[in-house]
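Peer 1: Keeping their order, the protein sequence lines are chains Z and C.
The working numbering applies: residue 1 is where the first sequence begins, and numbers increase by one.
The working numbering applies: residue 1001 is where the second sequence begins, and numbers increase by one.
A virtual CB, placed ideally from N, CA and C, is assigned to each residue, including glycine.
The structure presented is a predicted model; accordingly, all values stated were derived computationally and were not measured.
2 protein chains.
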Amino acid sequence: MVLEKGDFVKINYTGRIKDGEVFDTTIEEVAKEHGIYDPRVRFKAQAIVIGAGHVIPGLDEALVGMEVGEKRVIEVPPEKGFGLRDPSKVKVVPLREFKKQGLKPYPGMRIEAEGKVGRVQSVSGGRVLVDFNSELAGKTLVYEVNVEEKINKLEEKIRLLLERHFPYADPNEHEIRCEDGRAIITLSDAVKLRSDAFIAKHLVAKEIFEYLDGINEVEFQEIFKKPEEKKEEKVEEKKQEKKKAKPKRRRRKKSS
Amino acid sequence: MVLEKGDFVKINYTGRIKDGEVFDTTIEEVAKEHGIYDPRVRFKAQAIVIGAGHVIPGLDEALVGMEVGEKRVIEVPPEKGFGLRDPSKVKVVPLREFKKQGLKPYPGMRIEAEGKVGRVQSVSGGRVLVDFNSELAGKTLVYEVNVEEKINKLEEKIRLLLERHFPYADPNEHEIRCEDGRAIITLSDAVKLRSDAFIAKHLVAKEIFEYLDGINEVEFQEIFKKPEEKKEEKVEEKKQEKKKAKPKRRRRKKSS
């Protein structure tokens, strides 16, 4: 069965500039081989919904019609990749601004200004041209993409969305069940410490309603347990029953 | 029955400096009468747990032994109020710092520096003494306090804690039920938009475990509903059944 828009899949891919270097990959060995390995990044197949804009348009479109297990090499023109180059993003910076900060600009030098990354294009006279376009803007890209898995079970589709929007939490620590048009999601403890969780909840609910027919309500649950009892669960499981009933008398019960 | 530590109550109070002005009150008319009315403040009886530090220590202690409906006038020494004055919080500021900003300091003038509010104590030579102590530090206070209500029902005690920690939400919009040692709280929609809600949840759970015997687990629920259906519920209640089954065909069904 070929893949369609709205399918939930896990894909591995490696992107390179046509006739140039590898700039992105989901595969650890490839990252190491091409000098773009970052120990903070989790290398694993990326979970996406086809057609949801979870990857660049060219890659998203190419997935439609592929099959699970299939590997393809696709060419992505700039307008379906990181966009065309915008000449207005090339700025003239006076050479003295660099000198003030003890910097000597040279073509190819990377700088940061106002939170944006730019590259020095040329230095002539007192003028330095800095290009603030993405390095991938205007480039034709080549992706090698492999569809690893298609997710079919409703609960696992929801888990995939949780994985995308709560990237810091282990997706297997969420509990998910669906019944009567409702999705009930007990979130992992990791979520309870995050001030940005409220945004992720809105986005997960939005994508569930958008991509999963038949779900009309999403309930997120966060559970807090009395700290004393948590410890006891691990240490003395057998005594648990008694203690739950009368937690206040624990000390006395111990001696009996 | 006299009140005890751990009781959940609603109180009205008015605090004044001994032989001085009213600085705080829960009663709108009193605030207006004494020129401290602020339209952004909700004037209503304050919901607190006795002994939990929800009010200053002197007031907290005085509530123990009072009865519901009773009104008392109590005197609170500084060490049970807003603390003693700290001489190290009186700073010397050069007069030229004021002049730089076009300010002419005089005793009693209020200024703000580094986020703290201070009052000019004296101006002599080029030196200005600014007192950054709370205006209530070192003062003996007189509170008139009235216990309006004691909360006895478990669910309503939890509602009181929700009222304290989610002050922006209408406490009656939360749904609360307790069963088998668990408190299940469906939070008001207002909470879903707040990045600080995660802290409030931790605090509510902590206080439930601390002040409500028999609850070992707190579950917070946040419910999201599919937006389309929400609209329909209000406008066309009768067609609801059909549309729930096949929401995608709504346009065509309309003409039939």
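What's the C-alpha gap between Z:P57 and Z:V64?
Peer 2: 11 angstroms
Peer 1: Which runs of the beta strand (DSSP E), 3 residues or longer, sit entirely within the segment 89-114 of chain Z?
Peer 2: List check, beta strand (DSSP E) in window: 90-94, 110-113.
Peer 1: With 7 angstroms set as the bound, which would you pick, yes or no: does the beta-carbon of Z:L160 sit closer than that to a beta-carbon of chain C?
Peer 2: With 7 angstroms as the cut-off, Z:L160 does not count as an interface residue toward chain C.
Peer 1: From the DSSP output, in three-state form, read off C:I1056 for me.
Peer 2: C:I1056: coil per DSSP, three-state reduction.
Peer 1: Could you check what DSSP says for C:V1128 in three-state terms: helix, strand or coil?
Peer 2: strand
Peer 1: Cα separation between C:N1133 and C:R1110?
Peer 2: 12 angstroms
Peer 1: With a CB to CB cut of under 8 angstroms and the five nearest residues on each side skipped, what residues in its chain are close to Z:E61?
Peer 2: K80
Peer 1: Does chain Z have any CB closer than 7 angstroms to the CB of C:S1218?
Peer 2: Rather than Ser, the amino acid found at residue 1218 of chain C in this sequence is Val. Output row for C:V1218: interface = yes.
Peer 1: Assuming the contact rule is C-beta atoms closer than 8 angstroms, Z:L95 and Z:K18 should be a hit. Round their C-beta distance to whole Å, please.
Peer 2: Going by Cβ atoms, the distance from Z:L95 to Z:K18 rounds to 34 angstroms, so no, they are not a contact pair.
Peer 1: From the beta carbon of C:A1205, is the nearest beta carbon of chain Z less than 7 angstroms away?
Peer 2: Among the CB atoms of chain Z, one or more fall inside 7 angstroms of the CB of C:A1205.
Peer 1: Where are the beta strand (DSSP E) runs, 3 residues long or more, that stay fully inside the segment 1001-1049 of chain C, in chain order?
Peer 2: 1008-1017, 1022-1025, 1046-1049
Peer 1: Return the chain-ordered list of same chain residues with a C-beta closer than 7 angstroms to the C-beta of C:G1214, the five sequence neighbours on each side being excluded.
Peer 2: G1181
Peer 1: Any beta carbon of chain C sitting closer than 7 angstroms to that of Z:R252?
Peer 2: Bear in mind that a pLDDT of 40 at Z:R252, under 50, signals an unreliable position, so the number given afterwards is only what the model happens to contain. Not one chain C Cβ lies under 7 angstroms of Z:R252.
Peer 1: For Z:L136 versus Z:F82, is the C-beta distance shorter than 7 angstroms?
Peer 2: yes
Peer 1: Does the structure place the segment 68-79 of chain Z close enough to the segment 112-131 of chain Z that three or more beta carbon pairs sit under 8 angstroms?
Peer 2: no
Peer 1: CA-CA distance, C:V1093 and C:D1131?
Peer 2: If you draw a straight line from the Cα of C:V1093 to the Cα of C:D1131, it comes to about 10 angstroms.
Peer 1: May I have the straight-line CA-CA distance separating Z:N146 from C:E1217, to the nearest angstrom?
Peer 2: Looking at the backbone, the Cα of Z:N146 and that of C:E1217 are separated by about 44 angstroms.
Peer 1: Quick check: the Cα distance between Z:T14 and Z:A113, rounded to an integer number of angstroms?
Peer 2: 30 angstroms
Peer 1: Please list, in chain order, the residues of the segment 166-195 of chain Z that have any C-beta partner in chain C closer than 8 angstroms.
Peer 2: G181, K192, L193, R194, S195
Peer 1: Let me make sure I understand the geometry here. Which of Z:E222, Z:E210, Z:P227, Z:K226 has the alpha-carbon closest to that of C:P1227?
Peer 2: Z:E210
Peer 1: DSSP three-state call for Z:R215: helix, strand or coil?
Peer 2: Looking at the sequence shown, residue 215 of chain Z is not Arg but Ile. Coil.
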